[in-house]
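Engineer:
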Amino acid sequence: MKREVPIIVTTVAGIFMILEYFHNIPGLANGAKELQNWAILVAAFALALAAINLAARHLRNITARHQNAVHSGLLLASMFATVIAGIFFGTDARAFVFIFDNIITPCGSAFYAMACFHLASAAYRAFRAQSGQAAALLITGIIVMLGRAPIGDLIHPYLPKMATWLMQVPNLAGMRAIMISSAIGMIGVSLRIITGIDRTHLGMGQE
Amino acid sequence: MDVLMKLGDIDKRVLYVLLVLVLLIPMVRPIGIRISISHWTTKAYEQLSRLEPGDTVICDFGYNVDGAPDVEPIAKAIFRDLFDRNIKIITVSLNAQGPMIAEKLLLPYEESGKVYGTDFCNLGFMAGGETALAAYARDLKRTFPRDWRGNTTSTLPILQGITGAPDTKAWIFFTDSSAEAWVRQVGDLDVPMIGAVITVAAPQAEPFVHSGQLSGLLTGLRSAAEYEIVTNRPGGAVAAMDAQSLGHILITIFIVFGNISYFVKRSKELAGREGVQ
Amino acid sequence: MSTDVGIWVGALMTIAVFSYLFSENEFYKAVEHIYVGAAAGYSIVLGFSNVVTKGWQPLVEGRQFQVLIPVAMGLMLFAPYAGTQYNWMRRIPISFIVGIGAGITIRSVVIEQFVKQLSATILPFNSVNNVIIVLGTLAVLSYFFFTFKPSRALKTSAEVGKWIIMITFGASFGNAVMGRISLLIGRIDFMFREWIHLIKL
């Protein structure tokens, strides 16, 4: 029973959503909307679950006097401060907005921007025209990079045109094939989940 | 020969400092490199310029603060254009940080006289990813019973007569990931869709423009600069374009230096081996 | 220089993150943990807000008792905290979300990502670009055939596909550089305009 019920739930929910989309059966559309709203609500619980799992792990670090206990303490302190500010004072409260504007925003942006340095370093150290195909990648990269920047026009008026052509013709062909392939993959995975063949999301493996 | 080989041995910290300087200097002292308008921006602008005063559009915030420097300038440029033309904006958010970002962008317009609930509203975020997107694209009020500010959505004047995306004139999404989720879940609804994606995701979005599933595509800071120019409101994105250009030149120089050094070293190794034989 | 406390906090946070580029240090580690904590806290707040809007308010104010079903499923996610013997309960809400997600994905992928992309590839051979798009797409697709032993023709086609993919990745690299530079420009703008006031324009 503990094994069968989740599989039945997955199959019924999946088939219901597919039927609703392709068949105009009265009441089905309304039912599908209701089910989607239920899924949203369950996902909202899941959103908090991930953060609570993280908190539990760092709490264990502190109680076990782990070498990173101080860092865990900082993490928990900032988490609780954000939760208290957001839940008890509201998302428009000054404290919550301060945390968002002055901690989450600069750190998030800085972590993401740091990739620029790594990319520059990788371009310098690892981006080599070792073969014909690697050279094709490298030359395309440089043309697109320079052609899409305003300076491309100054270097050569043809450079932006070449960059646009590369994006709209060979890149389009490559990306489209990748997209069609990934669509086939997604259809396959979804079908395996709905039919109960793939149960990895339930921690049960495949049968 | 040695000098050419050493071109590949520059310390990475020197590269980092050079990169910062090359980006900073043109921001302090702009050069003013001319920015041409790409066909992508022209197409998106033409689509949006068909909107009439009083029309309602949905702006979906699908990016986090991480990708904001590249995507947000597009949102700013579009908001400025749409509000100036008295077009109503409903914001929704596929990403959790979306409502806070939207609120910040909407605030100046509220202070300058736009009325919340009538000229614009911020419906907030719903968990669930694509499931939520599929739900709110079809039924906004049912998916968002309350807006971000806690108002009951059924009482908001801007939402009167609007059930889902087909009741609006355009769906604009801003994202720091790929456009696929929107194409999948909003693509079958009868509404023109414009994607404003982070530059990294531009190649992936190209097939959707070609197939007509996206009516327009704006990609990153460059598109924001172009949009500022076509709407005659040059702003922050235009100012950043000189730095963008010089940054690209520097990375190209890094690649060229690295390759020169690599080929010189390789030819020397080959010559050495032949000498031994 | 700015006198705003928030700007100073943001600037110090940015410096701490970038200090990692030179070496990992305590300042970086501390800020990293503060950031992760705040971001996780933000998720809890948003999750809580969604639960209030979609669960509590419809139930208490709207007397919509059917909401009890997803609320019960949501609570089941936390069942393992009551003891490992309740681990199985978590599977029910997960299976529900995954089932709905799989159904929603499959129905739209078939049309939007498969049929429409295929039909957009059926182009007349009246220009070089169209020929490259059609044959290039087919060549790349042939490169992805892994389920059977390729014939000589398929091998040739796959080789062409590999070249197209390299050009595609090159375009992606060019755009990646462009995007990452934009992100760094954003941070530099914040540091030198809002904090130090060096950028005046």
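Residue numbers (the working numbering), protein chains in the order written: chain A, 1 to 207; chain B, 208 to 484; chain C, 485 to 685. Note that CB positions come from ideal geometry on N, CA and C, so glycine has one too.
#1: Need the endpoints of the beta strand (DSSP E) that A:Gly-73 sits in, please.
#2: Helix, strand or coil, according to DSSP, for B:Thr-426 in the structure here?
#3: Tell me the DSSP secondary structure of C:Asp-673 in three-state form.
#4: Is the shortest distance between the beta-carbon of A:Gly-14 and the beta-carbons of chain B less than 8 Å?
#5: Under 8 Å between beta-carbons, which chain B residues line up against C:Glu-596? List them in chain order, please.
#6: Does chain B have any CB closer than 8 Å to the CB of A:Thr-105?
#7: Rounded to a whole number of angstroms, what is the C-alpha to C-alpha distance between C:Ala-586 and A:Leu-191?
#8: Report the rounded CA-to-CA distance for A:Glu-207 versus B:Arg-391, giving the unit in angstroms.
#9: Whose CA, out of B:Thr-459, B:Phe-290, B:Pro-373, B:Leu-453, lies closest to the CA of B:Glu-318?
#10: What does A:Gly-141 reach in chain C if we use C-beta pairs closer than 7 Å?
#11: Determine which residues of the segment 399-429 of chain B have a Cβ less than 7 Å from any Cβ of chain A, and write them out in chain order.
#12: Any residues in the segment 450-472 of chain B with a beta carbon nearer than 8 Å to a beta carbon of chain C? Which ones, in chain order?
#13: Please name the residue in B:Arg-220, B:Ala-444, B:Leu-255 whose C-alpha comes closest to that of A:His-118.
#14: Check whether the Cβ atoms of A:Ala-149 and B:Ser-243 sit closer than 8 Å, and answer yes or no.
#15: With 16 other CB atoms within 10 Å as the buried threshold, where does A:His-23 fall?
#16: In terms of residues, what are the limits of the beta strand (DSSP E) holding B:Phe-415?
#17: Which residues in the same chain have their Cβ closer than 6 Å to the Cβ of C:Ile-491, if we skip the five residues on either side of it in sequence?
#18: Got a sec: is the Cβ-Cβ distance from A:Asp-153 to anything in chain B below 8 Å?
#19: Can you list the residues of chain A that C:Gly-539 reaches, using a CB-CB cut of under 7 Å?
#20: Name, please, each residue of chain A whose Cβ falls closer than 7 Å to the Cβ of C:Asn-613.
#21: Please report the residue range of the alpha helix (DSSP H) in which C:Val-599 lies.
#22: Please confirm if B:Pro-364 has its CB atom under 8 Å from at least one CB of chain C.
#23: Return yes when the Cβ of B:Glu-435 is within less than 8 Å of the Cβ of B:Pro-441, no when it is not.
#24: Would you mind stating whether A:Val-42 and C:Met-573 have Cβ atoms separated by less than 8 Å?
#25: Whose CA, out of C:Lys-513, C:Ile-665, C:Asn-509, C:Met-650, lies closest to the CA of A:Thr-208?
#26: Quick test of the definition: if touching needs 3 or more C-beta pairs under 8 Å, does the segment 650-659 of chain C touch the segment 130-140 of chain A?
#27: Does DSSP put A:Gly-147 in a helix, a strand or coil?
#28: What is the rounded straight-line gap between the Cα of B:Val-210 and the Cα of B:Val-471?
#29: Would you list the residues sitting across from B:Trp-378 in a DSSP beta bridge?
#30: Could you check the C-alpha separation between A:His-156 and B:Asp-383 for me, to the nearest Å?
#31: Secondary structure at B:Ile-217, three-state DSSP: helix, strand or coil?
#32: On the three-state DSSP scale, how would you describe C:Val-618?
#33: Using 10 angstroms around the beta-carbon of A:Ile-25, count the other beta-carbons present and answer buried if the total reaches 16, otherwise exposed.
#34: Consider the Cβ of C:Gly-587: report whether some Cβ of chain A lies at a distance smaller than 8 Å.
#35: Give me the chain B residues within the contact set of C:Arg-671, using Cβ-Cβ distance strictly less than 9 Å, ordered along the chain.
Structural biologist: The structure says:
#1: Within the first sequence, numbered from 1, the residue matching residue 73 of chain A stands at position 73. Looking at the DSSP string, A:Gly-73 is not in any beta strand (DSSP E); the run it does join, the alpha helix (DSSP H), is 69-83.
#2: Locating residue 426 of chain B in the second sequence gives position 219, where the first residue counts as 1. Note: B:Thr-426 maps to strand in three-state DSSP.
#3: Counting from one through the third sequence, the residue named residue 673 of chain C turns up at place 189. Of the three classes helix, strand and coil, the one that applies to C:Asp-673 here is helix, per DSSP.
#4: Here the question's residue 14 of chain A lines up with position 14 in the first sequence. No - not a single Cβ of chain B is within 8 Å of the one on A:Gly-14.
#5: In the third sequence, residue 596 of chain C corresponds to position 112, counting from 1. Going along chain B in sequence order, the residues near C:Glu-596 (Cβ under 8 Å) are Val-390, Arg-391, Gly-394, Asp-395, Gln-420.
#6: Mapped onto the first sequence, residue 105 of chain A falls at position 105. Yes, A:Thr-105 lies at the interface with chain B (some Cβ there is under 8 Å from its Cβ).
#7: In the third sequence, residue 586 of chain C corresponds to position 102, counting from 1. In the first sequence, residue 191 of chain A corresponds to position 191, counting from 1. Going from the Cα of C:Ala-586 to the Cα of A:Leu-191 covers about 8 Å.
#8: In the first sequence, counting from the first residue as 1, residue 207 of chain A sits at position 207. In the second sequence, counting from the first residue as 1, residue 391 of chain B sits at position 184. A caution first: A:Glu-207 carries a pLDDT of 49, below 50, which makes its placement in the model unreliable, though a value can still be read off. C-alpha separation (whole angstroms): 30 Å.
#9: Reading the second sequence from its first residue, position 111 is the one you call residue 318 of chain B. Per the Cα distances, B:Phe-290.
#10: Your numbering for residue 141 of chain A matches position 141 in the first sequence. Within chain C, the residues near A:Gly-141 are Gly-654, Phe-657, Gly-658.
#11: Pro-410, Gln-411, Glu-413, Pro-414, His-417, Arg-429
#12: Ala-450, Gln-451, Gly-454, His-455, Ile-458
#13: Locating residue 118 of chain A in the first sequence gives position 118, counting from the first residue. It is B:Arg-220 whose Cα lies nearest to the Cα of A:His-118.
#14: Here residue 149 of chain A refers to the residue found at position 149 of the first sequence. Here residue 243 of chain B refers to the residue found at position 36 of the second sequence. No, these two residues do not count as a Cβ contact at 8 Å.
#15: In the first sequence, residue 23 of chain A corresponds to position 23, counting from 1. Burial call: exposed.
#16: In the second sequence, the residue the question calls residue 415 of chain B occupies position 208. Where B:Phe-415 is concerned, there is no enclosing beta strand (DSSP E), although the alpha helix (DSSP H) it sits in stretches over 409-417.
#17: Taking the third sequence and counting its residues from 1, one reaches residue 491 of chain C at position 7. Only Glu-678, Trp-679 meet the Cβ criterion.
#18: As a first step, residue 153 of chain A must be located in the first sequence, where it is residue number 153. Chain B, which has a Cβ nearer than 8 Å to the Cβ of A:Asp-153, makes this yes.
#19: Along the third sequence, one-based indexing puts residue 539 of chain C at 55. Here the neighbours are Leu-41.
#20: Numbered from its first residue, the third sequence carries residue 613 of chain C at position 129. Per Cβ cutoff of 7 Å: Val-169.
#21: Residue mapping note: residue 599 of chain C aligns to position 115 of the third sequence, counting from 1. Counting along the chain, C:Val-599 falls outside any alpha helix (DSSP H), and DSSP gives it neither H nor E.
#22: By one-based count along the second sequence, residue 364 of chain B stands at place 157. Judged by the 8 Å Cβ criterion, B:Pro-364 is not in contact with chain C.
#23: Counting from 1 along the second sequence, the entry for residue 441 of chain B is found at position 234. Counting from 1 along the second sequence, the entry for residue 435 of chain B is found at position 228. Yes.
#24: Position 42 of the first sequence holds residue 42 of chain A. Position 89 of the third sequence holds residue 573 of chain C. The answer is no: Cβ separation not under 8 Å.
#25: A query on residue 208 of chain A cannot be resolved here, the shown segment of chain A reaching from 1 to 207 and no further.
#26: yes
#27: For this step, residue 147 of chain A is matched to residue 147 along the first sequence. Here A:Gly-147 sits in helix by DSSP.
#28: Here residue 210 of chain B refers to the residue found at position 3 when the second sequence is read from its first residue. Here residue 471 of chain B refers to the residue found at position 264 when the second sequence is read from its first residue. If I take the Cα positions, the gap works out to 10 Å.
#29: Taking the first residue of the second sequence as position 1, residue 378 of chain B is located at position 171. In the DSSP output, where bridge partners are listed per residue, B:Trp-378 has B:Ile-265, B:Met-400.
#30: By one-based count along the first sequence, residue 156 of chain A stands at place 156. By one-based count along the second sequence, residue 383 of chain B stands at place 176. Using only the alpha carbons, I get a separation of about 31 Å.
#31: Residue mapping note: residue 217 of chain B aligns to position 10 of the second sequence, counting from 1. Here B:Ile-217 sits in coil by DSSP.
#32: Indexing the third sequence from 1 puts residue 618 of chain C at position 134. Residue state, collapsed to three classes: helix.
#33: By one-based count along the first sequence, residue 25 of chain A stands at place 25. Flag for A:Ile-25 reads exposed.
#34: As a position in the third sequence, residue 587 of chain C is number 103, starting the count at 1. Answer yes: the Cβ-Cβ gap between C:Gly-587 and chain A drops below 8 Å somewhere.
#35: Along the third sequence, read from residue 1 onward, the residue named residue 671 of chain C stands at position 187. Going along chain B in sequence order, the residues near C:Arg-671 (Cβ under 9 Å) are Pro-276.
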